[in-house]
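Residue numbers (the working numbering), protein chains in the order written: chain A, 199 to 544; chain B, 199 to 544.
I have placed the structure first, in the form of structure tokens, so that the comments after it can refer back to it.
2 protein chains.
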Amino acid sequence: MSDKGSSLLDIRKMRILQAIVDDYIMTAAPVGSRTVSKRSDMGLSPATIRNEMSDLTELGFLEQPHTSAGRIPSEKAYRLYVNHIMDSAKLTDDEADYIKRHLDTRVHEVGEVIRQTAKVLSDMTNYTSMVMSPQFSAMRLKRISLIPVSEGSAMAVVVTNNGVTKNAMIRVPETLQPEDLEKISKLITAKLDGHKLGEAINSVLPMIKSEVGEQADAVCDMLTSIEESLSETDVEVVGASNILDYPEYSDASKARSFLTEVESGSYLQKVLSDASDVEMSVRIGTENDNPDMKDCSVITVTYKAGGENIGSMGVVGPTRMDYGKVMAILRYMSSSLSDILSKLIK
Amino acid sequence: MSDKGSSLLDIRKMRILQAIVDDYIMTAAPVGSRTVSKRSDMGLSPATIRNEMSDLTELGFLEQPHTSAGRIPSEKAYRLYVNHIMDSAKLTDDEADYIKRHLDTRVHEVGEVIRQTAKVLSDMTNYTSMVMSPQFSAMRLKRISLIPVSEGSAMAVVVTNNGVTKNAMIRVPETLQPEDLEKISKLITAKLDGHKLGEAINSVLPMIKSEVGEQADAVCDMLTSIEESLSETDVEVVGASNILDYPEYSDASKARSFLTEVESGSYLQKVLSDASDVEMSVRIGTENDNPDMKDCSVITVTYKAGGENIGSMGVVGPTRMDYGKVMAILRYMSSSLSDILSKLIK
DNA sequence: TGTTAGCACTCATCCCCTTCGAGTGCTAAC
DNA sequence: GTTAGCACTCGAAGGGGATGAGTGCTAACA
Numbered sequence: 199m200s201d202k203g204s205s206l207l208d209i210r211k212m213r214i215l216q217a218i219v220d221d222y223i224m225t226a227a228p229v230g231s232r233t234v235s236k237r238s239d240m241g242l243s244p245a246t247i248r249n250e251m252s253d254l255t256e257l258g259f260l261e262q263p264h265t266s267a268g269r270i271p272s273e274k275a276y277r278l279y280v281n282h283i284m285d286s287a288k289l290t291d292d293e294a295d296y297i298k299r300h301l302d303t304r305v306h307e308v309g310e311v312i313r314q315t316a317k318v319l320s321d322m323t324n325y326t327s328m329v330m331s332p333q334f335s336a337m338r339l340k341r342i343s344l345i346p347v348s349e350g351s352a353m354a355v356v357v358t359n360n361g362v363t364k365n366a367m368i369r370v371p372e373t374l375q376p377e378d379l380e381k382i383s384k385l386i387t388a389k390l391d392g393h394k395l396g397e398a399i400n401s402v403l404p405m406i407k408s409e410v411g412e413q414a415d416a417v418c419d420m421l422t423s424i425e426e427s428l429s430e431t432d433v434e435v436v437g438a439s440n441i442l443d444y445p446e447y448s449d450a451s452k453a454r455s456f457l458t459e460v461e462s463g464s465y466l467q468k469v470l471s472d473a474s475d476v477e478m479s480v481r482i483g484t485e486n487d488n489p490d491m492k493d494c495s496v497i498t499v500t501y502k503a504g505g506e507n508i509g510s511m512g513v514v515g516p517t518r519m520d521y522g523k524v525m526a527i528l529r530y531m532s533s534s535l536s537d538i539l540s541k542l543i544k
Numbered sequence: 199m200s201d202k203g204s205s206l207l208d209i210r211k212m213r214i215l216q217a218i219v220d221d222y223i224m225t226a227a228p229v230g231s232r233t234v235s236k237r238s239d240m241g242l243s244p245a246t247i248r249n250e251m252s253d254l255t256e257l258g259f260l261e262q263p264h265t266s267a268g269r270i271p272s273e274k275a276y277r278l279y280v281n282h283i284m285d286s287a288k289l290t291d292d293e294a295d296y297i298k299r300h301l302d303t304r305v306h307e308v309g310e311v312i313r314q315t316a317k318v319l320s321d322m323t324n325y326t327s328m329v330m331s332p333q334f335s336a337m338r339l340k341r342i343s344l345i346p347v348s349e350g351s352a353m354a355v356v357v358t359n360n361g362v363t364k365n366a367m368i369r370v371p372e373t374l375q376p377e378d379l380e381k382i383s384k385l386i387t388a389k390l391d392g393h394k395l396g397e398a399i400n401s402v403l404p405m406i407k408s409e410v411g412e413q414a415d416a417v418c419d420m421l422t423s424i425e426e427s428l429s430e431t432d433v434e435v436v437g438a439s440n441i442l443d444y445p446e447y448s449d450a451s452k453a454r455s456f457l458t459e460v461e462s463g464s465y466l467q468k469v470l471s472d473a474s475d476v477e478m479s480v481r482i483g484t485e486n487d488n489p490d491m492k493d494c495s496v497i498t499v500t501y502k503a504g505g506e507n508i509g510s511m512g513v514v515g516p517t518r519m520d521y522g523k524v525m526a527i528l529r530y531m532s533s534s535l536s537d538i539l540s541k542l543i544k
């Protein structure tokens with residue numbers, strides 16, 4: 199049996215597989231030949247479907263929980279479904295409306311927008327949503343202000359040229375006076391203006407050094423720890439408890455390990471970071487290299503501001519996820535968020 | 199039968215009740231007379247215990263799931279237990295050690311300390327923990343810096359005299375230039391220095407007004423929205439999924455409503471705010487005026503800095519909670535956190 | 001040669017029934 | 001007042017059918 203790539207199933211098998219996946223996504227119950235025969239309007243008898251399903255099982259697209267149950271899709275099936283089969287759903291007018299109404303464009307702070315986005319995403323999909331805040335590494339700086347907090351520590355407020363801000367507590371030499379910090383702020387703001395922080399450290403720092411004289415080392419340390427702080431990305435996760443609505447997580451220990459993993463956030467953060475350059479990515483089941491997520495799928499999209507990718511967001515749910523709907527929602531949300539941010543941060 | 203206040207059970211009933219509550223807290227299973235007779239070294243036969251248990255049931259301290267099961271404590275019993283019966287446990291050396299090792303005193307940022315505290319609290323108790331960040335209303339200001347972000351918006355960084363910081367994005371008139379903001383920052387910092395923000399708005403504002411002339415209204419608006427932002431208290435919640443370890447939450451829908459409530463955070467925030475003046479408070483079951491929390495108990499303590507209460511933290515778990523241990527841990531953590539903050543923010 | 005009806009077979013689920021045992025409440029004796 | 005004894009209760013656990021959804025195979029059909 200020659201397997202010239204999994205996409206080369208004949209049309210009929212494709213349609214049967216689609217019917218099975220669609221049904222299983224809705225019901226979470228193994229799908230039998232009779233059901234397929236009735237639901238897919240192909241005019242084939244259950245017996246014929248059975249033969250095809252048997253083939254599909256042999257090819258690894260279907261699995262049988264036990265002899266006399268129906269079939270459930272394998273990961274391979276979901277992969278094929280996502281890549282080649284599924285109807286790429288359009289949002290209904292109601293759904294688009296809902297998003298428009300709940301993403302309040304009057305909000306004027308980036309963090310608030312991020313939180314709203316996560317909330318809407320989770321409410322609409324009924325899965326767990328996550329939204330990464332815009333990444334600084336891609337943005338150009340406008341200003342860095344050092345504000346004295348106590349002897350030996352200061353808060354650095356970094357503002358980008360598109361109006362996103364972030365703060366970092368840093369240590370400063372105790373000898374530095376508030377006025378010194380103000381001077382340094384002005385100096386590094388003048389020098390860094392328009393650069394990205396990462397490159398600034400290398401190319402601009404030497405120039406700064408020559409001007410600050412004895413405080414050169416201190417300034418260098420400060421910039422380094424600012425850069426460190428800024429490279430930490432915040433992720434807003436909402437709706438983790440939605441997972442309990444799905445029967446595959448009715449087992450408390452499975453739910454527990456999912457929720458613990460989500461609460462720690464480290465894996466999700468990694469996925470979002472990794473996905474920050476592909477427009478849309480889908481990880482199905484064990485494609486997540488994390489055993490706690492082996493029964494989950496994670497779908498991410500990037501969002502932009504000023505034509506550049508500056509962050510990503512996504513949805514986590516059971517592998518039996520409504521891929522079409524979620525992908526449609528994510529696409530729409532991505533462009534909504536990009537619009538809002540572009541306006542917000544000009 | 200005269201009931202002169204629930205605390206007036208005779209000694210023997212108290213000890214029996216204690217044995218039952220202790221056992222039930224450990225096992226989550228109804229406790230029978232034989233068990234009590236064996237475990238409590240009172241040298242009484244099961245039959246005698248049965249008579250007492252019957253009385254305790256009549257008095258409302260015990261409940262019977264069904265005729266042939268043992269008894270479980272009622273809320274009233276937990277209340278009595280907490281108020282009058284339980285041994286106020288001491289931490290073991292191991293536990294105290296664990297806290298010392300994991301509350302890193304070298305951390306120099308308040309938010310980080312809060313997060314660590316919540317993590318340790320949840321890890322040690324295996325319940326859900328929550329820690330409120332220090333409240334600004336009680337603290338005196340040292341500095342307010344306005345940093346231009348984009349036309350029409352600025353970030354206000356507020357620093358208290360004990361080194362706690364918080365930021366707020368605010369709108370500013372588009373006509374204001376960066377230099378104006380700098381001037382205003384210096385002015386309000388000079389005037390507000392040492393005052394609490396709330397009182398400052400009323401007493402200091404008039405003075406400021408006279409000095410800023412035409413910008414008086416703008417400054418007033420700015421201060422008002424800063425005050426608004428600062429009065430929002432952040433709560434760090436950790437370990438929500440721990441609840442799934444307890445059999446009383448093996449029912450998915452119960453777990454779901456608990457987790458949803460916790461995720462929203464609004465009730466917990468309310469509890470922490472309400473509890474901010476009593477050293478330790480315990481809410482058992484329906485004493486929480488929130489139906490989703492009717493099977494939970496919430497214990498809170500306050501923490502201090504510079505001798506003043508500036509925040510609170512707590513633990514949420516099933517009513518069958520290890521009150522003695524949790525209260526001991528909270529007491530210890532409260533003083534640890536107070537110490538750390540007092541040092542950190544001098 | 002692909003499609004279909006027919007049929008025996010499998011196996012999880014449901015329901016009923018029994019058994020088991022932990023626990024109670026009552027009574028009578030110590 | 002305390003305790004042993006005993007009948008009674010009732011949930012939990014376990015053991016069959018009965019049910020029915022679904023399969024795979026075979027033989028007939030177009």
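Where a beta carbon is used, it is the ideal one built from N, C-alpha and C, also for glycine.
About 11 Å separates the beta carbons of L339(A) and A354(A), which is beyond the 8 Å limit, so they are not a contact pair.
For the alpha helix (DSSP H) assignment, the uninterrupted runs of no fewer than 4 residues enclosed by the stretch 265–298 of chain A are, from N- to C-terminal side, 273–278. Here DSSP, grouped into helix, strand and coil, assigns M224(A) to helix. In this structure, P228(A) sits away from I283(A), with a CB-CB distance that is not shorter than 9 Å. Taking C-alpha positions only, S252(A) is separated from M525(A) by approximately 30 Å. At a cut-off of 9 Å between beta-carbon atoms, H264(B) makes no contact with chain A. For R237(B), the enclosing alpha helix (DSSP H) has its first and last residue at 231–237.
Counting only residues of its own chain and dropping the five nearest sequence neighbours on each side, S243(B) has a CB closer than 7 Å to the CB of S235.
DSSP places G396(A) in the helix class (H, G or I) of the three-state scheme. Residue environment for S348(B): buried (at least 16 other C-beta atoms within 10 angstroms of its C-beta). Residues are counted here when their Cβ sits less than 7 Å from a Cβ of chain A; for the stretch 361–372 of chain B these are G361, T363, N365, M367, R369, given in chain order. Within a 10 Å sphere around the beta-carbon of A473(A) sit 16 or more other beta-carbons, which makes this residue buried.
Identification of chain A residues near T458(B) by a Cβ-Cβ cut-off of 7 Å yields S439, ordered along the chain. Here the alpha carbons of R299(B) and H306(B) stand approximately 16 Å from one another. For M328(A), none of the residues of chain B pass the 8 Å Cβ criterion, the least Cβ distance being about 14 Å. The alpha-carbon of T303(B) is positioned some 49 Å away from that of E293(A). In summary, N440(A) is buried, with 16 or more beta-carbon neighbours lying within 10 Å of its beta-carbon over all protein chains present. Residues of chain A whose Cβ lies closer than 7 Å to the Cβ of E307(B) are, in chain order, M367. Measuring C-alpha to C-alpha distances from I538(A) to each of D239(A), I312(A), A453(A), Y444(A) identifies I312(A) as the nearest. With its beta carbon less than 9 Å from one in chain A, I345(B) belongs to the interface. Excluding five sequence positions before and after M478(B), the CB atoms of its chain that fall closer than 6 Å to its own CB belong to V499, given in chain order. For R341(A), the beta-bridge partners assigned by DSSP are V357(A). Excluding residues up to 5 positions away in sequence, F334, S335 lie with their Cβ nearer than 8 Å to the Cβ of S429(A) in the same chain. Listed in chain order, the beta strand (DSSP E) runs fully inside the stretch 398–452 of chain A are 433–436, counting runs of at least 3 residues. Not a single C-beta of chain A is nearer than 9 Å to the C-beta of M337(B).
The C-beta of I508(A) has 16 or more other C-beta atoms within 10 Å across all chains shown, which makes the residue buried.
Between the beta-carbon of D493(B) and that of T517(B) there is about 6 Å, and that keeps the pair under the 8 Å contact cut.
When E397(A), V417(A), T290(A), V469(A) are compared, the shortest CA-CA separation from G512(A) is found for V469(A).
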